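Protein chains: 2
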Amino acid sequence: MGEVPIGAVIVKDGVVIAEAHNSPRTDHDPTAHAEILAIRRAAQALGDERLTGCELWVTLEPCAMCAGAIAHARINRLYYAASDPKGGAVEHGARVFEQPQALHRPEVYTGIGEAESADLLRGFFRTRR
Amino acid sequence: MGEVPIGAVIVKDGVVIAEAHNSPRTDHDPTAHAEILAIRRAAQALGDERLTGCELWVTLEPCAMCAGAIAHARINRLYYAASDPKGGAVEHGARVFEQPQALHRPEVYTGIGEAESADLLRGFFRTRR
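Printed below as a string of C-alpha cells:
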C-alpha cells in the first residue's frame, strides 16, 4: 500500500476492541496514524471519548500527535515495540508524558517484539530507496 | 453543546477551505479537537495529506496532539489567540515545534484576538462550575 507499516490494536479486558494500520496517504489524512485511527475506532465502539481501562499496543514509539491522543483518551497502558529516536515523543524529543502539564500518563512498556518490528520497518524503507 | 468553545479554520490563498469546532464529547472521539477536525477536512477537500501553503487559525494554543498534527500536515502558518499554560504545547510544555526532531515548523503568530478568546473560554468554564 506504500504506507509506513505501523499497526496498532486497543485491548480492553483481554479483548481486541479496535485495530488499525497507518494510512495517511491512502486516506488523504495527515492524522491517520495507526494509533489515532485505533483510538477513534475504540471510542466509537465504546461510545465514550475516554478509553479508561484500555491498553494500546503499537509497532513504533508514538509521535507527539499520537502521544497527545493517548493522554486525551486516558489509555491505561501503552506497549510499543521499536523506539524511534527520529520521530518518537515518549522517550525522545517532546517526551509528552513527562511534561508537568501531562493530563494523563499511561504506564509504558517498550521493547516487546522490537527486533521483528524494527526489521519490518527497515525492510520497508529499504525497498523505497 | 457542552464542549469547550474552541474553533479553527484553515485558509489557503485567502479562502477558508475548512472549519471546525472542538467536539470530543459529542463525537465520542478524544481526537476531535478543532484543529484535528479542520486539518482532516482540509486534507479531504484538497485530496492531499499535506496542506502546503495553508494557514491554520485557532482560538487557543494547540496541545501536543494538535501541534504534532500541524507538523505532519505541513501547515505553513499557525495563528492562535489565547496562550494555554495548562495544556499548550507550542510555547509551553512539550514545545513540539522546538524539538530538534520536528519534521516541520510553521511560522507561529500569537495574540490575535487574545482578549476575546480568553473571555469566551473563561465564560464557558465559569458557567460549568
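These protein sequence lines are chains A and B, in that order.
Residues in the first sequence are numbered from 0 upward in steps of one, following numbering that gives the first Met the number 0.
Residues in the second sequence are numbered from 0 upward in steps of one, following numbering that gives the first Met the number 0.
Glycine residues also receive a C-beta, built at the ideal position from the N, C-alpha and C atoms.
Keep in mind that this is a model prediction, so the values were computed, not measured.
Exposed is the label assigned to ARG121(B), since fewer than 16 other Cβ atoms lie within 10 Å of its Cβ. In the assembly as shown, LEU102(A) is an exposed residue. Its beta-carbon has fewer than 16 other beta-carbons within 10 Å. Counting along the chain, GLY67(B) sits inside the alpha helix (DSSP H) bounded by residues 63 to 71.
For LEU45(B), the enclosing alpha helix (DSSP H) stretches over residues 33 to 45. No Cβ-Cβ contact shorter than 8 Å links ILE9(B) with ALA33(B). Per DSSP, the unbroken alpha helix (DSSP H) holding GLU113(B) starts and ends at 113 to 127. The Cβ of GLY46(B) sits closer than 8 Å to at least one Cβ of chain A. Taken through DSSP and simplified to helix, strand or coil, GLU106(B) comes out as strand. In terms of beta-carbon proximity, MET0(B) stays away from the interface with chain A, with every pair separated by 8 Å or more. In chain order, HIS20, ASN21, SER22, PRO23, ARG24, THR25 place their CB closer than 8 Å to the CB of GLU2(A), counting only its own chain and leaving out the 5 sequence neighbours on each side.
Under the three-state reduction of DSSP output, VAL95(B) falls in the helix class. Per DSSP, GLU48(B) has no beta-bridge partner at all. Only residues of its own chain outside the window of five on either side were considered, and among them VAL3, PRO4 have a CB closer than 8 Å to the CB of PHE123(A), listed in chain order. Between ALA81(B) and THR58(B) a beta carbon distance of about 7 Å is seen, short of the 8 Å cut, so the two are scored as contacting. The C-beta of VAL95(B) has 16 or more other C-beta atoms within 10 Å across all chains shown, which makes the residue buried. Cα atoms of GLU18(A) and ALA114(B): separation of roughly 42 Å, rounded to the nearest angstrom. Per DSSP, the unbroken beta strand (DSSP E) holding THR58(B) starts and ends at 53 to 59. As the crow flies, the alpha-carbon of GLU60(A) is around 15 Å from that of MET64(B). Not one beta carbon of chain A lies nearer than 8 Å to the beta carbon of THR109(B).
In the DSSP assignment, THR25(B) falls within the unbroken alpha helix (DSSP H) covering 23 to 26.
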